[in-house]
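Residue numbers (the working numbering): 17 to 89.
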Amino acid sequence: ADEILSRGFNEQIYGVFRTLPENVQVIVVSATVPSDLLEVAAKLMNDPVTVLIKREERTLDGIRQFYVNAERE
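Now the structure itself:
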């Protein structure tokens, strides 16, 4: 989300949100939370909830990561 905002897509984002129903659920996920992202979220969301974790509390325990090497057809 922060990358989209930093690249100047604010007006496009507002345009998309204007077409959505009022009761739509929106989730914004970002590894970093700059103040302008919080500002946009406050404008676009009804009663937004922010969940923050400390860097040292992030963990991948219980998450299995893998990739599939696919050849071109």
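Every residue gets a Cβ at the ideal spot worked out from N, C-alpha and C, and that includes glycine.
Query                                                         : Result
Element boundaries [alpha helix (DSSP H), containing Asn26]   : Asn26 to Thr35
Separation of Met61 from Val40, as counted between CA atoms   : 9 Å
For Glu38, the three-state DSSP class (helix, strand or coil) : coil
Beta-carbon gap between Pro64 and Ala57 smaller than 8 Å      : yes
Leu53 and Ser46 closer than 8 Å at C-beta                     : yes
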